[in-house]
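Just below is one structure, and these are the notes that go with it.
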Amino acid sequence: MPDYRGQEPPPPTAGEVLIWVPRVILIPVYLVTEYVIRVPVGALSTAAEKGDWGPAVFNFFAFGPDHKGGIFPTFFLNFGFRPSIGLHFFWDDTFVARNKVTADLAWGGSNWITIGLGDRYRFTNESSIALEGHWNRRPDNLYFGIGSLTPDTFKSRYGTDVVGGSLSYLYAAKQARVETGARLTRTVFREYSCCSDPTLTQRVERGELPPPPGYQENTTAAELFIRASLDTRSPDINRSGVRVGVAAAPSVDTTRGFDRSWIRYGAGVEGSWDVTGKGRVLSLGVLAEFADPLGSEPVPFWQLVTVGGAEPFVGFLRGRLRDRSALGAQLSWRWPVFAYLDGVAGVSFGNVFDAHLRNFRWDALRLSAELGVRTASILGASNFQFVVGIGTEPFSQGLRLTSFSLAFGVTYAL
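Throughout the sequence shown, residue numbering follows the numbering used here, covering 82 to 495 in sequence.
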């Protein structure tokens, strides 16, 4: 065996040198994630490993032969909306091998309930077919108006009952993913109130907001959809690479015919550089979304491009901004905090605009920023997050800080 004693250590790589740039810039982020998140989580995880908590907890919630079934608790706290608690049921190899059945139930107080059922059959490890159905009753949907310059002055709520079902086919290989299918959704508006905010009906009756397209018009929408992506990044080792995704979904209101039909479509591209090759990833991405009428009637307001609550607009509440199109760009930094848990910090610029970005202006862009932790992508459908975000008014209005978001919870998918 070679003797390396007395030799100089190898010189640092370019990535190991450059990583000090984001470390210095993000020193407050590092201190928070290191001492508020990683150290406590690490201590808890170490104790759990020594005490064999993991198998004990899983065995408590799982049952059946080989523990192929189980019922797990879920919860979600999203600032600006009702918090919810629920249960997630799963059963692998239901009736036949490769078939998985799931059921979800969540409750968030008066007039807030979600019930979902799903069945996915896998032909191979890459291809599967899924049948899903759901009922969502929500009193806390947000509406501020339509357009890039809508203020937060006339914040309002509207209630809905949404019942739907879908049949889809998924092909998910190592780098390529294609999902296509059909969906039928019934949306019924309810006069529910929530969170001490005026309802949309009250705002319209007072003359504070104009009635949006499709206001108080119940809809049964039939939709075809396709989503495709190519991702060269590895989820568990060096994560450098590029992801490109496209999506399209034409819809028609079956109660009114093709006069009320529309299409939503969009595309995004993100490039990532794993600076050290060990999961410390710097990414830059751009996303554009559009909604166009196919018939003579305008796109219903709840089917317009609606942003907030998800990247690259995490700093805004879901439903804060809506219009015919949206454009956003995000620079983000992800790093490992603990096993299967990544820290994330990002800053974004973007906004919603008229049809096909027609009224785009640089000074109409808003700023959004996020900081928190999320489960690594290797976990797939399981998701845990604790993310705080802020959002501002456009550049033309001085980038005033007017929005705050906080999302904390654990969810599962089929």
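Each residue gets a CB set at the ideal place from its N, CA and C atoms; glycine is no exception.
Among V388, S477, G161, nearest to R442 - alpha-carbon criterion: Residue 442 sits at position 361 when you count from the first residue of the sequence shown. The residue with the shortest Cα to Cα distance from R442 is S477.
* Looking only at DSSP bridge pairs, what is Y273 linked to? -> Here residue 273 refers to the residue found at position 192 when the sequence shown is read from its first residue. Note: Y273 sits in no beta bridge, so no partner.
Counting Cβ pairs, one atom from each stretch, are 3 or more of them under 8 Å apart for the segment 476-490 and the segment 383-403? yes
Starting from the C-beta of P417, find all residues in its chain whose C-beta is less than 7 Å away, skip the five residues before and the five after it, and write them out in chain order. Start at 1 with the first residue of the sequence shown, and residue 417 comes out as number 336. Once the five neighbours on either side are set aside, the close Cβ partners of P417 are G360, D423.
Runs of 3 residues minimum, wholly inside the segment 314-377: which ones carry the beta strand (DSSP E) assignment? 322-334, 338-355, 362-374
Point to revise | Under 8 Å between C-beta atoms of A426 and L452 | key: Residue numbering aside, residue 426 sits at position 345 when the sequence shown is read from its first letter. Residue numbering aside, residue 452 sits at position 371 when the sequence shown is read from its first letter. Cβ atoms of A426 and L452: closer than 8 Å.
ask   = Roughly how far, in whole angstroms, is the beta-carbon of H169 from the beta-carbon of D185, given that I think they are within contact range, below 8 Å?
value = Counted from its first residue, the sequence shown places residue 169 at position 88. Counted from its first residue, the sequence shown places residue 185 at position 104. Yes, they are in contact, since the Cβ atoms of H169 and D185 sit about 5 Å apart, within 8 Å.
Please tell me whether T335 and A309 are closer than 8 Å, where the distance is taken between their beta carbons. Within the sequence shown, residue 335 is the residue found at index 254, counting from 1. Within the sequence shown, residue 309 is the residue found at index 228, counting from 1. Against a cut-off of 8 Å, the Cβ pair of A309 and T335 comes out as no contact.
request  = In the DSSP assignment, find the alpha helix (DSSP H) that holds T282 and state where it starts and stops.
outcome  = Numbered from its first residue, the sequence shown carries residue 282 at position 201. Start and end: 281-286.
message = Assess contact between the segment 232-244 and the segment 284-301, defined as three or more Cβ pairs (one per stretch) separated by less than 8 Å. Is contact present?
response = In short, these stretches touch, since the Cβ pair count reaches three.
Exercise. How many Å lie between Y250 and T282 at the Cα?
Worked result: As a first step, residue 250 is located in the sequence shown; it is residue number 169 there, counting from the start. As a first step, residue 282 is located in the sequence shown; it is residue number 201 there, counting from the start. Roughly 39 Å between the two C-alpha positions.
Terminal residues of the beta strand (DSSP E) in which R308 lies
Numbered from its first residue, the sequence shown carries residue 308 at position 227. Here the beta strand (DSSP E) through R308 covers 300-312.
*Since L365 and G352 are thought to touch, with beta carbons under 8 Å apart, how far apart are those beta carbons, to the nearest angstrom?*
Counting from one through the sequence shown, the residue named residue 365 turns up at place 284. Counting from one through the sequence shown, the residue named residue 352 turns up at place 271. The C-beta distance from L365 to G352 rounds to 6 Å, short enough to fall under 8 Å.
Quick one: measure Cβ to Cβ for G376 and D340, integer angstroms, because I've assumed they're closer than 8 Å.
In the sequence shown, counting from the first residue as 1, residue 376 sits at position 295. In the sequence shown, counting from the first residue as 1, residue 340 sits at position 259. With a Cβ gap of about 4 Å, G376 and D340 count as contacting.
- Query: Under a three-way DSSP split, which group does P146 fall into?
  - Reply: Taking the first residue of the sequence shown as 1, we reach residue 146 at position 65. P146 falls in the helix class under three-state DSSP.
Next item on the list: Determine the burial state of P121: buried for a count of at least 16 other Cβ atoms within 10 Å of its Cβ, exposed for fewer.
Entry: Sequence index remark: in the sequence shown, residue 121 carries index 40 (1-based). P121 is exposed by the Cβ-count criterion.
### Message
According to DSSP, is Q256 part of a helix, a strand, or is it coil?
### Response
Translated into the one-based positions of the sequence shown, residue 256 becomes position 175. It is coil, neither helix nor strand.
State whether the segment 219-228 contacts the segment 199-209, with contact taken as three or more CB pairs (one from each stretch) at a distance under 8 Å.
no
| So what does DSSP say about L290, is it helix, strand or coil? | The residue labelled residue 290 in the question sits at position 209 within the sequence shown. In the structure shown, L290 sits in coil (DSSP, three-state: anything other than H, G, I, E or B).
With DSSP collapsed to three states, give me the class of K181. Sequence index remark: in the sequence shown, residue 181 carries index 100 (1-based). Note: K181 maps to strand in three-state DSSP.
Going by other Cβ atoms of all chains shown within 10 Å of its Cβ, with 16 needed for buried, is P154 buried or exposed?
-> Position 73 of the sequence shown holds residue 154. With fewer than 16 other Cβ atoms within 10 Å, it is exposed.
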